[in-house]
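Numbering (the UniProt record's numbering), first residue to last: 1 to 860.
Here's the structure we're looking at; comments come further down.
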Amino acid sequence: MASRFNALKSDAAWQQVWDERRTFAARDDSDKPRTYVLEMFPYPSGRIHMGHVRNYTMGDVLARYRRMTGHEVLHPMGWDAFGMPAENAAMEKGVHPGGWTRDNIATMKAQLKRLGFALDWTRELATCEPDYYGHEQALFLELFRHGLVYRKESSVNWDPVDMTVLANEQVIDGRGWRSGALVERRKLSQWFLKITDFADELLSGLDALEHWPDKVKLMQENWIGKSQGLQFGWSLSDGGNVEVFTTRPDTIFGASFVAVAADHPIAAKLAESDPAVADFIALCKQGGTTAAELETQEKLGFDTGITATHPFDPAWQIPVYIANFVLMEYGTGAVFGVPAHDQRDFEFASKYRLPIRRVVSEGDDTDPDFTAGEAYSGPGTICNSHFLDGMDIEDAKRAVIQRAEDGGWGKGSTVFRLRDWGVSRQRYWGTPIPIIHCDACGAVPVPADQLPVVLPEDVSFDVPGNPLDRHPTWKHVPCPTCAGNARRETDTLDTFVDSSWYFIRFASQPSDKAFDRAVAEKWLPVAQYIGGVEHAILHLLYARFWTRALKHIGMLDIAEPFAGLFTQGMVTHETYYRAKVIRTERPSTADPETIVTESSSIQTWFSPTEIERRDGKAFLIGTDDEVKVGRIEKMSKSKKNTVDPTHIVDQYGADAVRWFVLSDSPPERDLEWSESGIEGSWRFVQRVWRLFDGLTETAGAEGGDKALDRKLHQTIAGIAADIEGLAFNKAVAKLYELVNALERAAPSASRNAAIRTLMLLVAPMAPHLAEEAWAIAGNAGLIADAAWPEVDPALLVDDEVTIAIQVNGKLRDTQTVAKGTAREALETIALANANVQRILDGAAPRKVIVVPDRLVNIVA
RNA sequence: GCGGACGUGGCGAAAUUGGUAGACGCACGGGACUUAAAAUCCCUCGCCCUUUGGGUAUGCGGGUUCAAGUCCCGCCGUCCGCACCA
């Protein structure tokens with residue numbers, strides 16, 4: 001009689017077989033068509049979480065499916081192993097970042113193996129090992145040699161207590177997230193990669209990425225931020241000149257002031273002699289940079305007393321201000337203000353009582369005295385602008401640029417929001433930057449034969465700061481050029497560099513170089529890349545840049561690294577918490593005599609394992625202690641709403657977990673974890689198993705079942721399309737339908753054949769179950785190596801269809817007819833329908849619409 | 001503020017080019033089997049009504065059409081990205 005599918009036993013057995021036979025090792029020399037399926041490699045933070053499970057299951061289904069359809073599939077896995085959490089762990093727990101990272105890798109690798117992913121572990125890599133980052137150093141120096149790397153002073157967020165540089169995200173309310181110390185802006189010499197050289201390419205290259213989500217392309221487009229306009233100089237009354245950039249040269253006759261950034265050289269120079277200017281600059285720098293602060297921050301300006309001469313009218317002078325809203329980092333750090341047509345300029349001009357002059361009008365309203373309460377930035381005709389009058393905006397822009405270029409005082413130019421990529425990190429746990437600083441020779445690349453520059457592991461974290469900086473021996477080396485005393489660069493590379501080329505290293509990993517070009521080009525670009533949308537900008541942009549840079553210097557002839565991109569949703573879970581209101585009293589900042597009471601609430605979070613639900617409420621298990629049910633949020637350690645995949649896998653088996661994360665929610669949307677959901681998946685695995693197991697009882701069944709044959713072939717084709725389209729939830733639904741049909745069907749040869757085919761259909765999703773059934777059914781070889789079933793096109797179409805019979809667009813009945821029934825016949829059937837007759841009540845229809853094989857609509 | 005996405009039963013969701021709304025799953029309810037339970041199987045399941053039938057229904061209000069979840073216009077709401085970008 002029917003047995004149970006023993007997932008634990010079966011999972012282990014088949015995982016061992018796949019391992020021993022190296023079933024999923026990709027062959028570089030294969031004659032088959034190649035497919036490179038890649039999921040974003042994990043950071044080894046400790047244990048895998050459900051997000052990883054979902055991500056890797058999706059890629060796995062596609063990889064296994066492509067194998068079955070005759071592809072040589074590269075589906076590798078590795079570790080994005082450098083980064084700050086390792087250093088934080090080192091400081092908190094006194095462990096070595098390397099030891100901590102490698103332990104985590106071992107744990108997480110075992111967890112991934114437990115899920116039976118079809119990964120080529122022979123290509124496993126960890127970015128923290130010299131045999132990876134050494135090649136990265138060589139690539140970095142290659143870019144250096146080609147002028148794509150440079151060094152420049154740049155300001156950073158410096159935590160004076162931890163003696164380290166902080167990323168913007170690590171600065172909270174102006175304080176270091178860990179130390180709580182007030183963060184300083186500090187100028188440091190840092191290494192930059194010239195990503196801006198590729199700004200145009202990276203932008204235009206997006207068009208060719210047909211298999212990328214529009215959303216991600218748009219985000220990258222906005223991030224690159226291309227603006228076209230005019231750059232020109234205003235001559236100043238003090239004899240100087242200020243360059244400005246504008247996207248609206250057409251409004252040049254509406255100018256009423258020039259404004260420069262607080263850190264603009266003009267402001268700095270004035271500050272030297274005028275303390276009032278210095279005070280104003282200091283005031284500007286005080287303001288926070290958070291979104292909320294910027295929103296409410298008042299526009300502040302300081303009239304320098306200098307005036308600027310209008311380029312089209314030497315007699316026209318406008319004032320030059322220092323203004324807090326002008327950014328030094330964008331454009332030229334100076335703008336001219338057109339209050340009538342720019343809201344920000346409007347606010348500024350209103351405050352400082354500067355003229356607001358209309359130069360773009362809608363219709364015939366060309367009154368130069370602008371009275372509306374806000375700036376007008378819409379379309380219109382130029383007015384009050386001398387030679388531009390009557391032109392539309394675009395013509396006027398061209399006309400002004402033309403005159404500026406002819407007159408030699410300005411030129412059309414393009415400005416990008418994208419900045420060069422600063423890659424220096426004052427951190428230990430990263431790729432050492434392979435540069436040696438010599439007082440005589442400057443920054444000298446480490447010679448190729450001295451690579452890799454190995455990160456020393458004999459370091460301690462008992463003193464704040466970068467341990468490389470105080471390492472007794474590692475830091476001091478002779479200069480490769482003059483052999484004099486020199487120092488190693490102690491900064492390490494941003495970990496985004498590590499992840500900018502790992503997909504190339506997966507494709508080809510010779511020991512003597514980063515990759516073999518010919519082999520890498522066989523596999524690249526990645527056919528399908530899958531990962532979280534949080535990487536939509538930085539990682540994906542950097543990887544695109546790195547690949548283009550390699551192409552530019554002739555190392556690899558691939559422009560875009562990822563032909564297909566899919567961003568999957570998060571795995572979420574309810575949160576459970578108890579809120580405690582904390583009241584604190586402190587003297588008011590405005591008036592120290594007054595005591596202010598501040599209340600804030602602190603949440604204590606509870607793990608789902610501590611909670612039981614009763615009558616829609618949540619209680620701590622075994623008690624009447626009620627806790628609040630919070631929002632459904634991304635599983636995170638801080639909210640304690642995580643579910644450890646390993647416990648679930650041990651309880652239900654790998655296939656049930658895989659099935660669950662593919663079910664129900666469309667993969668791009670968030671998936672809410674639920675206990676009943678995983679139980680449902682487990683029940684399905686058992687139902688399928690009973691079908692497989694029952695084959696022996698119906699072995700002798702004979703006869704065909706045309707309806708079932710059709711269902712089977714429609715399912716084969718449907719699932720194939722769904723997997724190719726990464727619509728796993730739909731593939732899952734189709735499998736449920738087929739299983740429902742098989743359970744209901746009477747024994748027949750068709751049914752037996754369909755059940756055997758079902759093994760192949762579930763194989764990408766539930767591979768352990770499929771292998772087990774495949775073996776018991778007496779098939780030779782592994783189902784992992786089997787071919788995807790052929791579809792009989794004749795069975796894809798039904799010979800009967802159900803048509804809708806409508807009156808005035810409302811469904812009144814349905815009728816099953818032979819497929820392809822003629823329009824006239826359908827009309828006759830519909831008009832003869834009892835319901836139709838009753839509704840028409842003898843009246844003649846005004847019109848009859850017939851859509852063959854679909855419906856008849858009678859317009860009464 | 002700018003840009004984008006989304007809005008369908010109690011819940012997750014399906015629904016080719018506009019053509020039978022709610023496939024499939026979860027939950028709930030009823031039943032069978034069982035001494036009992038688990039497991040399994042069967043049935044019901046958008047809402048409303050005068051229930052072999054009818055009305056109504058895809059955030060709200062309009063429109064186009066024989067026909068609208070799908071197309072157009074205007075609102076409302078939720079989420080995401082960017083943000084003083086010149």
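Cβ coordinates follow ideal geometry from the N, Cα and C atoms, glycine included.
Next item on the list: Give me the Cα-Cα distance between K847 and G718, rounded to the nearest whole angstrom.
Entry: Taking the first residue of the first sequence as position 1, residue 847 is located at position 847. Taking the first residue of the first sequence as position 1, residue 718 is located at position 718. Roughly 37 Å separates the two Cα atoms.
Check: Where are the alpha helix (DSSP H) runs, 4 residues long or more, that stay fully inside the stretch 346 to 399, in chain order?
Finding: none
Note to self: Less than 7 Å between C-beta atoms, sequence neighbours within five positions excluded: which residues of the same chain meet that for A278?
What the structure shows: For this step, residue 278 is matched to residue 278 along the first sequence. Closer than 7 Å at Cβ, skipping near neighbours: A271.
Item checked: Distance between W788 and G288 (C-alpha atoms, nearest Å) -> Counting from 1 along the first sequence, the entry for residue 288 is found at position 288. Counting from 1 along the first sequence, the entry for residue 788 is found at position 788. Interpretation of G288 is limited by its pLDDT of 49, a score under 50 that renders its predicted location unreliable; the figure taken from the coordinates is listed afterwards. When rounded, the distance between both Cα atoms is 59 Å.
Check: Distance, Cα to Cα, A763 vs H471?
Finding: Against the first sequence, residue 763 aligns to sequence position 763. Against the first sequence, residue 471 aligns to sequence position 471. Approximately 54 Å, taken between the alpha carbons.
Note to self: Quick check on the DSSP output: what are the complete alpha helix (DSSP H) runs of length 4 or more inside the stretch 290 to 341, in order along the chain?
What the structure shows: 291 to 296
Next item on the list: Please name the residue in W212, I435, L524, V732 whose C-alpha comes closest to that of A536.
Entry: Translated into positions along the first sequence, residue 536 becomes position 536. Ranking W212, I435, L524, V732 by Cα distance to A536 puts W212 first.
Item checked: Residue range of the alpha helix (DSSP H) that includes R751 -> The residue you call residue 751 lines up with position 751 of the first sequence. 749 to 762 is the extent of the alpha helix (DSSP H) around R751.
Note to self: Spatial neighbours of residue 873 within its chain, please: C-beta separation below 7 Å, excluding the five flanking residues on both sides.
What the structure shows: For residue 873 there is no data in the structure shown, the boundaries of the chain being 1 and 860.
Check: Could you give the distance in angstroms between the alpha-carbon of P339 and the alpha-carbon of I281?
Finding: The residue you call residue 339 lines up with position 339 of the first sequence. The residue you call residue 281 lines up with position 281 of the first sequence. Going by the C-alpha atoms only, they are around 23 Å apart.
Checklist line | 7 Å Cβ shell around E347 - same chain, five flanking residues per side excluded | finding: As a position in the first sequence, residue 347 is number 347, starting the count at 1. These residues qualify, in order along the chain: K299.
Check: Which residue from M635, D516, I611 puts its Cα closest to that of D624?
Finding: Start at 1 with the first residue of the first sequence, and residue 624 comes out as number 624. With distances taken between Cα atoms, D624 lies closest to I611.
Check: Looking at the unbroken beta strand (DSSP E) that takes in H476, where does it start and where does it end?
Finding: Here residue 476 refers to the residue found at position 476 when the first sequence is read from its first residue. Note, H476: beta strand (DSSP E), 476 to 478.
Checklist line | Counterpart residues of F117 in DSSP-defined beta bridges | finding: Numbered from 1 along the first sequence, position 117 holds the residue referred to as residue 117. Under DSSP, no beta-bridge partner is assigned to F117.
Check: CA-CA distance, V850 and D841?
Finding: Position 850 of the first sequence, counted from the start, is the residue given in the question as residue 850. Position 841 of the first sequence, counted from the start, is the residue given in the question as residue 841. Rounded to the nearest angstrom, the two C-alpha atoms are 21 Å apart.
Item checked: Simplified DSSP state of C441, which is helix, strand or coil -> Residue numbering aside, residue 441 sits at position 441 when the first sequence is read from its first letter. In the structure shown, C441 sits in coil (DSSP, three-state: anything other than H, G, I, E or B).
Notebook entry, point to check: Whole beta strand (DSSP E) runs in the UniProt domain "Aminoacyl-tRNA synthetase class Ia" (418 to 574) with 3 or more residues, listed along the chain?
Noted result: Runs found: 435 to 438, 442 to 445, 476 to 478, 485 to 488, 528 to 532, 565 to 568.
Next item on the list: Identify every residue that forms a DSSP beta bridge with F41.
Entry: Position 41 of the first sequence, counted from the start, is the residue given in the question as residue 41. According to DSSP, which records beta bridges pairwise, F41 is partnered with nothing at all.
Notebook entry, point to check: Taking just the CA atoms, how far does L166 sit from G176?
Noted result: As a position in the first sequence, residue 176 is number 176, starting the count at 1. As a position in the first sequence, residue 166 is number 166, starting the count at 1. Cα to Cα, the separation comes out at about 7 Å.
Item checked: D705, buried or exposed, once every other Cβ within 10 Å from all chains shown has been counted against 16 -> What you label residue 705 is simply residue 705 of the first sequence in a count that begins at 1. D705 comes out buried.
Note to self: For P478, count the other beta carbons within 10 Å of its own beta carbon; 16 or more makes it buried, fewer makes it exposed. Which is it?
What the structure shows: By one-based count along the first sequence, residue 478 stands at place 478. Exposed, since its Cβ has fewer than 16 Cβ neighbours within 10 Å.
Check: In chain order, what residues of the same chain lie with their CB nearer than 6 Å to the CB of D303, ignoring the 5 residues before and after it?
Finding: Indexing the first sequence from 1 puts residue 303 at position 303. So the qualifying residues of the chain are P319, Y321.
Checklist line | Whole-Å CB distance - Y577 paired with T547, under 8 Å assumed | finding: Sequence index remark: in the first sequence, residue 577 carries index 577 (1-based). Sequence index remark: in the first sequence, residue 547 carries index 547 (1-based). Not quite, the Cβ-Cβ distance comes to about 44 Å (not below 8 Å), so this is no contact.
Notebook entry, point to check: When we look at the beta-carbon of residue 876 and count the other beta-carbons within 10 Å, is it buried (16 or more) or exposed?
Noted result: What is shown of the chain runs 1 to 860, which leaves residue 876 out entirely.
Item checked: Reduced DSSP category for K847 - H, G, I as helix; E, B as strand; rest coil -> Position 847 of the first sequence, counted from the start, is the residue given in the question as residue 847. Strand at K847.
Check: What's the call for H386, buried or exposed, on a 16-neighbour Cβ count within 10 Å?
Finding: Start at 1 with the first residue of the first sequence, and residue 386 comes out as number 386. Around the beta carbon of H386, a 10 Å sphere encloses fewer than 16 other beta carbons of the protein chains shown; the residue is thus reported as exposed.
Check: Would you report the Cα separation of A745 and T698, rounded to the nearest angstrom?
Finding: Start at 1 with the first residue of the first sequence, and residue 745 comes out as number 745. Start at 1 with the first residue of the first sequence, and residue 698 comes out as number 698. C-alpha separation (whole angstroms): 12 Å.
Margin query: Do A818 and E790 count as a contact pair if the criterion is CB distance below 9 Å?
Written below: Mapped onto the first sequence, residue 790 falls at position 790. Mapped onto the first sequence, residue 818 falls at position 818. No, they are not a contact pair.
Notebook entry, point to check: Given residue 874, which residues of its chain have a CB within under 8 Å of its CB, disregarding the five upstream and five downstream residues?
Noted result: The structure shown does not extend to residue 874, since the chain is modelled only from 1 through 860, so no value can be given for it.
Notebook entry, point to check: Which residues in the same chain have their Cβ closer than 8 Å to the Cβ of residue 873, if we skip the five residues on either side of it in sequence?
Noted result: Residue numbering for the chain in the displayed model covers 1 to 860; residue 873 lies beyond these limits and cannot be assessed.
Checklist line | H135, DSSP secondary structure in three states | finding: One-based indexing of the first sequence puts residue 135 at position 135. Of the three classes helix, strand and coil, the one that applies to H135 here is helix, per DSSP.
Checklist line | Sequence ranges, alpha helix (DSSP H) only - wholly within the stretch 208 to 233, length at least 4 | finding: 214 to 224
Notebook entry, point to check: Would K226 pass as a contact of A267 if the rule is Cβ separation under 9 Å?
Noted result: In the first sequence, the residue the question calls residue 226 occupies position 226. In the first sequence, the residue the question calls residue 267 occupies position 267. The answer is no: Cβ separation not under 9 Å.
Next item on the list: Could you pull out every residue in the same chain whose Cβ sits closer than 8 Å to the Cβ of F41, ignoring the five residues on either side in sequence?
Entry: To locate residue 41, count along the first sequence from 1; it is residue 41. Same-chain partners within the cutoff: M77, G78, W79, D80, S499, Y502.
Checklist line | F140 in three-state terms, based on DSSP | finding: Position 140 of the first sequence holds residue 140. Three-state DSSP puts F140 in a helix.
Check: Which residue comes first and which comes last in the beta strand (DSSP E) that contains Q259?
Finding: Within the first sequence, numbered from 1, the residue matching residue 259 stands at position 259. The sequence given here has Ala at residue 259, not Gln. Taken as a continuous stretch (DSSP letters only), the beta strand (DSSP E) holding A259 covers 257 to 260.
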